[in-house]
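Student: Please find one structure pasted underneath; my questions will follow.
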Amino acid sequence: MKRSKLPEPDYQAACGWWADLPNIWTPVGWREHMFRFNVLYNGTLLAQPNMNRRTSSYDGQGLQLGFAPHWTNWFTEWPHSYLRHDDGQVLQGWTEDQAPVLWTEWARDGVVLRQYVFAHVPGGQETQTGTEPLFAWVRLTVHAVCPALPVEERHGFNLVFHRPHISAGMSTRDNIQVWAHQYRKEDGIQTEPDRRRRLFTYPRELKPEMAGYDPKQAYRILEPDGKVRLAVAAGGRDVTAEWKDVDTELSRPANRLYLQFPARKGASIDLLVPMLPVDRETMDRELAVGRDKALAESAAFWKRINATSSRIEVPEPAVGEVIRHSTRFSQILSERNPETKKVCKLSGAWVYADLWTTPGAMDLVMMMDVLGHHDTVVRYLDIFREEQGTVVPPGAAYEMHPGYLSTPALYKSIDWLSDNGAVLWTICMHYLLSGDREYLARFTDCIVKSCDWIKAMRAKTGHGGYEGVLPPAVATDAQTKIQAVWSIGWNYKGLCAAVRILKEIGHPRAAEFEAEAADYQSAYVKALRDKCRKMPVWTDARGQKRRFVPTALAGDEKAESRHAFYLDTGPLFHVFAGLLPAEDPLMKDTIAWFREGPQRAFYRRDSNCWQVPVLDHEMSSCEPCYSWNVFFSWQTGDRDRFMEGMYSLFAGSVSRKTGISCETRGGITGTVFSAPLAIYLARLAVVDDQIRPDELHLLRLMPLAWLKPGAESRFDAMPTEYGPVSLHTRCSRKGKKLWITWEPAFRTSPARVWLHIPPVPGLEQVIVNGVPARIGKKPLRLG
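Under the working numbering, the sequence shown has 379 at position 332, and the numbering climbs by one with no breaks.
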């Protein structure tokens, strides 16, 4: 379908297509700790340690600490809208500190109140056990007071102590279910107050250590055994503290601590909240450190672990903010096992505090390695090598094999057959992007064994699917055992990456696996075309007959083609996987189905994620991170659709407040699912080592938003398969002249380097490394 010519999409335009993500939660924590805090959209601090099988022994130790700003009759107004759902009253963002310091802001009766939260491990060092004391330092402050408006002399917060009882969902506007709970009715609960207490009230009696706040000493809230659940730091000026016991007649009974201070800009008080109740000595040591020193230690820690010579700076600040926050989130979503001391990545900070390995590969390659965080990536690959061959693949035709790469058993969520290929791809891409020969020496045997597994599994017969292709297995969380393009594509992509490495190092089996990859693709494409001949035909708006391309070769049910995963893990994946090019007729039929197919008449925009899927502004209507259509636009050079997809990901799948990614639009935050794809596209737009073998393409799809008059963009030390490349562009103030400088640090030179002159309106002159260059549609060869 022909599209009307509009200005090229940019971030601002995408913000008009997509509302910001509501009802979010955002992690605040420490790298490789077993626990992490989560701050909800309304400032509620969730200190919930029992998030998975590994932490089940901490059940009953968590705290859900609500923060409600001053109201005259506050507690009778608990059903106020912002406490039940995100009505837009509460704002959030980050300070400019090196440490991740999250602020939450309320405006009430002419006073703006803020909460600042950051995490700290005593000493500010790497974890050794994964269970070190973890604290949240919380500052409550008067941020602003409206001039001339009569305001109350004192303001403050009610701190509401609940047991964790909220739950989460994937559907839009159902991300956090504030009134839901995870408990079933139990025997022995006789009355409604008893039921409420069991569901909502903190599980043990809490009491203040003293009657009121004394600025000369800390004010502690104690457990029955004397451990400290929360402390108000000493030094607060004109602060009062009032403790309220549980009233079981209330709808959500809780203890309350009412803190007040003068309604004067800058008035503040500091709180210290441990993840687990801690002994007094541990709490007092942290209080003695103080907020300022704890913040300095945290800043030094984050500065060190986030250090990289790679840098992306573009004129759209939101893009840089997504990069800054997402790399920090990736570090927080990791864990050190206290028994084995092994470290592993996680998929989520609250929900999904296990590992879905395939999307985890996108985090490590498309974001962390591409942005130069090579030391971080290698930390999380060792566990896959060490536990290779310890899990049976999820299909009837499979058995234990020493080469199968899978999610480590302790972190298992749902095994997907794609995991082997995704891990193999990640292991190989890390070497290709880092050039780390010492690393490769450790992993070569692992790579070869994984290739052996692929070869052995393709040779299986009698499994009920097409032969010469991986047998049916679980491909997604739907858990149906199918011969899925998702499984086949990831394993093919991993095998091809392995072949590139084995050929580079002259491995004696390189030719064998190169032939295996060629036969893999040939056998699959032959099977796919045979299956497609049996599939339905549909007619597009121009009357052209098109084929409905399946998500699997065998084992799939009718529901598979109606399910949202038909888009996310279905035939769109062929192009990124390298199984078929975007110009193949079947791929043209596939992309047309999602862009303009008849099911669009049934689509309800920006609503339930489980409806029959479509592309909405070039983004998946289910999980944005799986918007594989962007690689069709990338491969064909369709600038407008490429920008539409990339900017939809930046603006529509990442919170504009805190930079946290979502799983679905408005559902399951606390992840980095979608940001890596957006960041990867931004990098490919400018520095592209993937579009042609043995070629490097510069500025091929660089957004015009980064080339506006007077604008500068920097891509410094960007890792490529050939070595780091730096590129800098600057437009004159009138937009008629463009300076381009580039500097490679190749380990291995590509056969060709091409520079694409962007289609900047009114451009008259281009200077490349100080030399005038021709302006035209054809790229310039630089090497």
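From the three backbone atoms N, C-alpha and C, an ideal C-beta is built for every residue, glycine too.
Taking only runs of the alpha helix (DSSP H) that begin and end inside the stretch 592-667, which ones reach a length of at least 4 residues, in chain order?
Tutor: DSSP runs (the alpha helix (DSSP H)) wholly in the stretch 592-667: 605-609, 612-615, 620-624, 632-643.
Student: Per DSSP, what are the beta-bridge partners of E252 in this structure?
Tutor: Start at 1 with the first residue of the sequence shown, and residue 252 comes out as number 205. According to DSSP, E252 bridges with nothing at all.
Student: I need the DSSP call for G313, collapsed to helix, strand or coil.
Tutor: For the purposes of this step, residue 313 is taken as the residue at position 266 of the sequence shown. Three-state result, G313: coil.
Student: Report the start-end ranges of each beta strand (DSSP E) in the stretch 310-381 that is 3 residues or longer and not cut off at the edges.
Tutor: Within the stretch 310-381, the complete beta strand (DSSP E) runs of at least 3 residues are 315-321, 358-360.
Student: What do you reckon, are the CB atoms on K784 and P756 nearer than 7 Å?
Tutor: Position 737 of the sequence shown, counted from the first residue, corresponds to residue 784. Position 709 of the sequence shown, counted from the first residue, corresponds to residue 756. No.
Student: By Cβ distance, which residues of its chain are closer than 7 Å to T355, with the 5 residues on each side in sequence left out?
Tutor: Locating residue 355 in the sequence shown gives position 308, where the first residue counts as 1. Counting only Cβ-Cβ distances below 7 Å, and skipping sequence neighbours, we find L418, G419, H420.
Student: Apply the 10 Å Cβ neighbour rule to K824 and answer buried if 16 or more other Cβ atoms are within range, or exposed otherwise.
Tutor: For the purposes of this step, residue 824 is identified with residue 777 of the sequence shown, where counting begins at 1. Per the 10 Å Cβ criterion, exposed.
Student: Can you check whether the CB of M322 is closer than 7 Å to the CB of V82?
Tutor: Within the sequence shown, residue 82 is the residue found at index 35, counting from 1. Within the sequence shown, residue 322 is the residue found at index 275, counting from 1. A small correction: the amino acid at residue 82 is Phe; Val does not occupy that position in the sequence shown. Against a cut-off of 7 Å, the Cβ pair of M322 and F82 comes out as a contact.
Student: By Cβ distance below 6 Å, which residues in the same chain neighbour P324 in space, the five residues on each side in sequence not counted?
Tutor: As a position in the sequence shown, residue 324 is number 277, starting the count at 1. Result list for P324: E270, K274, R276, in chain order.
Student: Which residues in the same chain as A798 place their Cβ atom closer than 6 Å to its Cβ, once the five residues preceding and following it in sequence are excluded?
Tutor: Start at 1 with the first residue of the sequence shown, and residue 798 comes out as number 751. So the list reads D741, once near-sequence residues are dropped.
Student: Which ranges would you report for the beta strand (DSSP E) in the stretch 241-306 if only whole runs of at least 3 residues count?
Tutor: If we require 3 residues or more, the beta strand (DSSP E) runs fully inside the stretch 241-306 come out as 266-269, 275-279, 287-291.
Student: If you follow the beta strand (DSSP E) that L160 is part of, which residue opens it and which one closes it?
Tutor: Start at 1 with the first residue of the sequence shown, and residue 160 comes out as number 113. L160 -> beta strand (DSSP E) spans 158-167.
Student: Would you mind stating whether R761 and H775 have Cβ atoms separated by less than 7 Å?
Tutor: Within the sequence shown, the letter at position 714 stands for residue 761. Within the sequence shown, the letter at position 728 stands for residue 775. Yes.
Student: On the criterion of 16 or more Cβ atoms from any shown chain inside 10 Å, does K392 qualify as buried, or is it exposed?
Tutor: Locating residue 392 in the sequence shown gives position 345, where the first residue counts as 1. Buried: at least 16 other Cβ atoms inside 10 Å.
Student: Where does A408 sit, in a helix, a strand or coil, going by DSSP?
Tutor: Counted from its first residue, the sequence shown places residue 408 at position 361. Three-state DSSP puts A408 in a helix.
Student: Considering only their Cβ atoms, is the gap separating V516 from A570 smaller than 7 Å?
Tutor: Looking up residue 570 in the sequence shown gives position 523. Looking up residue 516 in the sequence shown gives position 469. Their beta carbons are under 7 Å apart, which means A570 touches V516 by this criterion.
Student: Use the C-beta contact count for P819: other C-beta atoms within 10 angstroms, 16 or more gives buried, fewer gives exposed.
Tutor: If you number the sequence shown from 1, residue 819 lands on position 772. Exposed, because fewer than 16 other Cβ atoms sit within 10 Å of the Cβ of P819.
Student: Going by alpha carbons, who is nearest to Y727 out of K389, M693, F649, L751?
Tutor: Start at 1 with the first residue of the sequence shown, and residue 727 comes out as number 680. The shortest Cα separation from Y727 among K389, M693, F649, L751 belongs to M693.
Student: Under three-state DSSP, which class holds W472?
Tutor: The count along the sequence shown starts at 1 and reaches residue 472 at position 425. DSSP places W472 in helix when its eight states are reduced to three.
Student: For G135 and D577, I'd like the C-alpha separation in whole angstroms.
Tutor: Counting from one through the sequence shown, the residue named residue 135 turns up at place 88. Counting from one through the sequence shown, the residue named residue 577 turns up at place 530. The alpha-carbon atoms of G135 and D577 are separated by roughly 52 Å.
Student: By DSSP, does L181 sit in helix, in strand, or in coil?
Tutor: Within the sequence shown, residue 181 is the residue found at index 134, counting from 1. The answer is coil: DSSP assigns L181 none of H, G, I, E or B.
Student: Going by DSSP, name the residue or residues bridged to A698.
Tutor: Position 651 of the sequence shown holds residue 698. Note: A698 sits in no beta bridge, so no partner.
Student: For T405 and W537, what's the separation of their Cα atoms in angstroms?
Tutor: Counted from its first residue, the sequence shown places residue 405 at position 358. Counted from its first residue, the sequence shown places residue 537 at position 490. Rounded to the nearest angstrom, the two C-alpha atoms are 9 Å apart.
Student: Just the C-alpha distance for Q307 and L160, rounded to the nearest angstrom, thanks.
Tutor: One-based indexing of the sequence shown puts residue 307 at position 260. One-based indexing of the sequence shown puts residue 160 at position 113. Each residue's Cα considered, the two are about 12 Å apart.
Student: Need the endpoints of the alpha helix (DSSP H) that G536 sits in, please.
Tutor: Within the sequence shown, residue 536 is the residue found at index 489, counting from 1. Segment 532-551, the alpha helix (DSSP H) holding G536.
Student: Between M330, H372, L549, which lies nearest to W349 when the distance is taken from Cα to Cα?
Tutor: Position 302 of the sequence shown, counting from 1, holds the residue named residue 349. Nearest option by C-alpha distance: H372.
Student: Looking only at its own chain, which residues have a Cβ that is under 8 Å from the Cβ of C669, when we skip the five neighbours before and after it?
Tutor: In the sequence shown, counting from the first residue as 1, residue 669 sits at position 622. Excluding residues within five positions, the ones whose Cβ falls inside 8 Å are A611, F612, L614, D615, C656, W657, P660, T711.
Student: Which residues mark the beginning and the end of the alpha helix (DSSP H) in which C493 is found?
Tutor: On the sequence shown, position 446 is the one that residue 493 refers to. Counting along the chain, the alpha helix (DSSP H) containing C493 begins and ends at 484-505.
Student: Would you mind working out which of I787, L751, T795 sits nearest V807, comparing C-alpha positions?
Tutor: In the sequence shown, counting from the first residue as 1, residue 807 sits at position 760. Considering only alpha carbons, the answer is L751.
Student: Is it buried or exposed, M447, if we count other Cβ atoms within 10 angstroms and call 16 or more buried?
Tutor: Sequence index remark: in the sequence shown, residue 447 carries index 400 (1-based). That one is exposed.
Student: Comparing C-alpha positions only, which one of P116, E333, L696, Y105 sits nearest to A729?
Tutor: The residue given as residue 729 occupies position 682 in the sequence shown. Considering only alpha carbons, the answer is L696.
Student: Ordered along the chain, which non-local residues of its own chain (more than five positions away) have a Cβ less than 8 Å from that of L196?
Tutor: Taking the sequence shown and counting its residues from 1, one reaches residue 196 at position 149. The answer, listed in chain order, is G157.
Student: Return the first residue and the last residue of the alpha helix (DSSP H) that G63 is part of.
Tutor: Counting from 1 along the sequence shown, the entry for residue 63 is found at position 16. Taken as a continuous stretch (DSSP letters only), the alpha helix (DSSP H) holding G63 covers 58-64.
Student: Just the Cα atoms here: how many angstroms apart are V148 and I822?
Tutor: Along the sequence shown, read from residue 1 onward, the residue named residue 148 stands at position 101. Along the sequence shown, read from residue 1 onward, the residue named residue 822 stands at position 775. Answer to the nearest angstrom: the Cα atoms are 46 Å apart.
Student: Which residue comes first and which comes last in the alpha helix (DSSP H) that contains E559?
Tutor: The residue labelled residue 559 in the question sits at position 512 within the sequence shown. Looking at the DSSP string, the run of the alpha helix (DSSP H) that includes E559 is 557-579.
Student: Roughly how many whole angstroms lie between the Cα atoms of R100 and E333?
Tutor: Here the question's residue 100 lines up with position 53 in the sequence shown. Here the question's residue 333 lines up with position 286 in the sequence shown. Taking the straight line joining both Cα atoms gives about 29 Å.
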